[in-house]
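Worksheet: the structure to be examined is printed underneath.
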Amino acid sequence: ETAEAALVLARELKDRRQIKEAVDLVVQLRAGDAESALEAAQEELDLVKAGDNSDPRRELAALQRLVSLQLTNEDVEAATKTAEKALQLEFGDDKKVEGFAMQLMAEVHLNARRYEQALASAT
């Protein structure tokens, strides 16, 4: 309830950093309620994408959280699509972030027991 109030206040203030932190907290608290947690994670991703500065690290972190929840919910198809979005991010010269996106896709493939694709994704 307090996390929800913090999210409402952050939205009223239009403070993106506070909104993200409040959404993070709501996702953690709603972990037992898969649908609600997925909605909060999607909201976090939407906020990151709506920002003026496109930051692939923040967007990747939001995508990772969403994939984690989707896999927890055993929705491999949605997790695969989300991981594909991570691979399409503009990384520039940031090989570390690109590597994390590749790792995310490999983790989805491993979860789905697609071992050949997991190996291909990791290289």
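In this note's numbering, the protein residues as written are 102 to 224. Glycine included, C-beta positions come from ideal geometry on N, C-alpha and C.
| Out of L172, E122 and M206, which has the shortest C-alpha to C-alpha gap to V149? | The candidate whose alpha carbon is nearest that of V149 is E122.
Practice item. Sort K196, A202 and A104 by Cα distance to A180 and report the nearest one. Key: A202
query: What do you reckon, are the CB atoms on L205 and A184 nearer than 8 Å?
result: yes
First and last residue of the alpha helix (DSSP H) that includes E185? V177 to L188
| Enclosing alpha helix (DSSP H) for R159 [first to last residue] | P157 to T173
- Item | Within 8 Å, strictly: CB atoms of V198 and R159 | no
If you draw a straight line from the alpha carbon of L190 to that of L161, how long is it in whole angstroms? 8 Å
Check your understanding: Mind checking whether V124 and A141 have CB atoms under 8 Å apart?
Key -> yes
task = Check whether the Cβ atoms of V209 and L170 sit closer than 8 Å, and answer yes or no.
result = no
Check your understanding: Mapping DSSP to helix, strand and coil, what is D116?
Key -> coil
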